[in-house]
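Q: Mind looking over this structure? Questions follow.
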Amino acid sequence: MSSMERKFVESLPVGAFVITGGNVRILNDYMEKLTGISESEIPEGKFWELINDDTETVKRKLLNGIPVRFKIT
Numbered sequence: 164m165s166s167m168e169r170k171f172v173e174s175l176p177v178g179a180f181v182i183t184g185g186n187v188r189i190l191n192d193y194m195e196k197l198t199g200i201s202e203s204e205i206p207e208g209k210f211w212e213l214i215n216d217d218t219e220t221v222k223r224k225l226l227n228g229i230p231v232r233f234k235i236t
């Protein structure tokens, strides 16, 4: 992730995160406030295990650019 990409995501006024290969690369401050989880608290490769919904459906929608709501536990 370039510093410009990180600055862009961190400047968004909504909760946002970037995942690469199942790992959270960026979790902006607003998303941390919404979830109560910081970027450093998410174990590498474990992001999908935090979702308390149908994980495969959430993945498919996100990868296809479809807005989706899900719970993080």
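Numbers in the numbering used here are just positions in the sequence shown, counted from 1, shifted up by 163.
Ideal Cβ positions, reconstructed from N, Cα and C, are used throughout, including at glycine.
Note that the structure is a prediction, hence the values are computed from the model and not measured.
By the DSSP assignment, the alpha helix (DSSP H) with F171 in it spans what residues?
A: Per DSSP, F171 belongs to the alpha helix (DSSP H) from 166-174.
Q: Between V221, F180, I229, which lies nearest to D192 when the distance is taken from Cα to Cα?
A: Selected option, being the one with the closest Cα: F180.
Q: Given G178, which residues of its chain have a CB within under 6 Å of its CB, disregarding the five upstream and five downstream residues?
A: Closer than 6 Å at the Cβ level, and outside the excluded window around G178, lie Y193, M194, L197.
Q: Closer than 6 Å by C-beta to E207: which residues in its own chain qualify, once you throw out the five before and the five after it? Chain order, please.
A: Excluding positions up to five away in sequence, the list reads N186.
Q: What do you reckon, is the C-beta of F210 under 7 Å from a heavy atom of the ligand SAH?
A: In terms of ligand content, the structure shown is empty, and the ligand SAH therefore cannot be addressed.
Q: Thinking V221 and F233 are a contact (beta carbons under 8 Å), I'd like their distance in whole angstroms, please.
A: So it is a contact: roughly 5 Å between Cβ atoms.
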